[in-house]
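Everything on this sheet refers to the single structure shown next.
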Amino acid sequence: MTLQEIIDGSDNIVFFGGAGVSTESGIPDFRSVDGLYNQKYDYPPETILSHTFFIDKTEEFYKFYRDKLIVKNVQPNKAHTALAKLEKKGKLKAVITQNIDGLHQLAGSKNALELHGSTLRNYCMDCGKFYDVDYIASNTGVPKCECGGIVKPDVVLYEEMLNDDTISKSVKFISEADTLIIGGTSLNVYPAAGFINYFGGRYMVIINKASTPADKQAKLVINEPIGEVLGKLKI
Ligand SMILES: [Zn+2]
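Position one of the sequence shown corresponds to residue 125 (this note's numbering), numbered consecutively onward.
Spelled out as structure tokens, the structure:
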């Protein structure tokens, strides 16, 4: 069966995606060879992007965060657009993403579950007041709330728990789906691999440039860039 045939025959599709979905928008994959993990900083990105580091060395955290994680002037690509279209047609029920760039919503997706949060949302750690990404980007040093509290990105850092509500919603959508499309993720990183085990529907499709540990479980594996693949669909 082709991807087009699977999509034409399904009205309960769930998409599970990772960094590869945004690389075609020019956002570097954290874990790719050219990605963040191989760039020169005093500490490895896993250390800088941890809860402990945020608390202990907030200013250094923000130096890295502004430099590497806030990506300006990026646009959704064909993958984001195709998924938003599928949702609008009533065929796709949820996008579950590990990305923190907000591009699914920008493309028009209404039900995007962000497992790792979003750089677009930031909150005062003391009073909870909301701040947008421009507030973080346009400041230097540690961004402070008008109450004096430190503003923290709504991004799940290393050592931090994922949001319970987002987890249970994601599990529910995956377990009820008829078709699960997994895209732009190597499925090597927690919790991605665990989530897809809740799928009990008919068609698991994997679209990723490299092979993944779940390839054997899938009905269809496509090793091409996801924007190109989804961009070719007739929706
Ligand atoms: Zn405050």
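Glycine residues also receive a C-beta, built at the ideal position from the N, C-alpha and C atoms.
Helix, strand or coil at residue i according to DSSP, with G and I counted as helix
| i | result |
| --- | --- |
| residue 243 | strand |
| residue 177 | helix |
| residue 331 | strand |
| residue 353 | helix |
| residue 185 | helix |
| residue 126 | coil |
| residue 358 | coil |
| residue 338 | coil |
| residue 322 | helix |
| residue 166 | coil |
Close Cβ partners of residue i (< 7 Å) along its chain, the five nearest in sequence each way excluded
| i | result |
| --- | --- |
| residue 397 | Since the first and last residues shown for the chain are 125 and 359, residue 397 lies out of range. |
| residue 200 | 149, 227, 230 and 231 |
| residue 157 | For residue 157, the predicted structure reports a pLDDT of 45, less than 50, and the residue's modelled location is therefore unreliable. The matter cannot be settled from this model. |
| residue 197 | none |
In DSSP terms, what residue i is bridged to
| i | result |
| --- | --- |
| residue 238 | 221 |
| residue 144 | Answer is none; residue 144 lacks a bridge partner. |
| residue 138 | 218 and 304 |
| residue 195 | Per DSSP, none; premise fails for residue 195. |
| residue 344 | 329 |
Residue i vs residue j beta-carbon contact at 8 Å
| i | j | result |
| --- | --- | --- |
| residue 195 | residue 241 | no |
| residue 329 | residue 303 | yes |
| residue 136 | residue 213 | no |
| residue 325 | residue 223 | no |
| residue 282 | residue 173 | yes |
| residue 268 | residue 275 | yes |
| residue 176 | residue 266 | no |
| residue 278 | residue 259 | no |
| residue 305 | residue 338 | no |
| residue 319 | residue 301 | no |
Cβ neighbours of residue i in the same chain (closer than 8 Å, five flanking residues each side left out)
| i | result |
| --- | --- |
| residue 334 | 310 and 347 |
Same chain, Cβ closer than 6 Å to residue i, neighbours up to 5 away in sequence not counted
| i | result |
| --- | --- |
| residue 219 | 139, 207, 228, 233 and 236 |
Open item on the list: Extract the residue ranges of the alpha helix (DSSP H) inside the segment 289-320, only unbroken runs of 4 or more that lie entirely within it.
Closed with: 316-319
Task: Runs of alpha helix (DSSP H) lying entirely within the segment 243-290, each at least 4 residues, in chain order - done: 257-262
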